[in-house]
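Residues in the sequence shown are numbered consecutively from 0, following numbering that gives the first Met the number 0.
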Amino acid sequence: MEAFQVHPALLIFGWFTWGVLTGYLAQQRGRDPWLWGLGGVLFGLVALIILFVRPSLAKKPAVEIASARCTSSSLASLSVEPGVIHRREVDWFYLDSERKQQGPVTYHCLERLVEAGSEVHLKSYVWTQGMEDWIRWNELSESVKGV
0 MEAFQVHPAL
10 LIFGWFTWGV
20 LTGYLAQQRG
30 RDPWLWGLGG
40 VLFGLVALII
50 LFVRPSLAKK
60 PAVEIASARC
70 TSSSLASLSV
80 EPGVIHRREV
90 DWFYLDSERK
100 QQGPVTYHCL
110 ERLVEAGSEV
120 HLKSYVWTQG
130 MEDWIRWNEL
140 SESVKGV
């Protein structure tokens with residue numbers, strides 16, 4: 000009876016495939032792809048199983064600041080007294096860290112950007128229709144902010 004023989008090139012290709020697959024999946028899970036790729040070559044399926052048993056170190060995607068941006072047209076118009084600026088009725092603009100104008104965004108979205116603190120902060124300049132000049136966020140009066 001003759002033993003089953005595997006061609007050496009096929010065996011090397013299989014090892015290489017396990018290494019690449021394990022390395023790629025390790026990278027997706029926030030781990031060192033070279034180390035895990037070597038583990039995939041040496042231990043095959045066992046390395047892959049161990050990789051998935053261990054918790055992922057990949058950083059969870061942060062809330063995109065872009066998702067905080069929206070337009071005032073997405074909110075229903077509210078009726079207010081003439082002469083009073085209502086934060087949900089007008090578009091707001093702000094200056095980013097490079098002093099470039101950004102917007103329009105709604106007041107609610109601007110609040111979320113200030114809370115996130117990465118793009119807009121308390122000393123950032125903001126402007127909306129009805130204001131004479133740009134003013135720092137922390138200097139806005141309650142009458143300008145609205146209800």
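We put the beta carbon where it would ideally sit given N, CA and C, even for glycine.
Here the structure is a predicted model, which is why all the values come from computation and not from measurement.
C-alpha gap between residue i and residue j, whole angstroms
{"i": "R98", "j": "V125", "result": "11 Å"}
{"i": "Q27", "j": "A57", "result": "7 Å"}
{"i": "Y93", "j": "E131", "result": "14 Å"}
{"i": "H107", "j": "V89", "result": "11 Å"}
{"i": "L74", "j": "T105", "result": "Reliability fails at L74, whose pLDDT of 36 lies under 50, so the model's placement of it is uncertain and the value that follows must be treated cautiously. Cα to Cα, L74 sits roughly 8 Å from T105."}
{"i": "R111", "j": "E118", "result": "10 Å"}
{"i": "V40", "j": "V52", "result": "18 Å"}
{"i": "L20", "j": "Q4", "result": "25 Å"}
{"i": "S55", "j": "Q128", "result": "48 Å"}
Cβ-Cβ separation, residue j to residue i (assumed contact under 8 Å), whole Å
{"i": "W91", "j": "L109", "result": "5 Å"}
{"i": "G18", "j": "L34", "result": "About 11 Å separates the two Cβ atoms, so there is no contact after all."}
Residue i classed as buried or exposed, judged by whether at least 16 other C-beta atoms fall within 10 angstroms
{"i": "T16", "result": "exposed"}
{"i": "E63", "result": "With a pLDDT of 46 at E63, under the threshold of 50, the modelled position of this residue cannot be trusted; read the value that follows with caution. Answer is exposed; the Cβ neighbour count stays below 16."}
{"i": "P7", "result": "exposed"}
{"i": "F12", "result": "exposed"}
* Taking only runs that begin and end inside the stretch 97–131, name each unbroken alpha helix (DSSP H) of 4 or more residues, in chain order. => DSSP runs (the alpha helix (DSSP H)) wholly in the stretch 97–131: 106–115.
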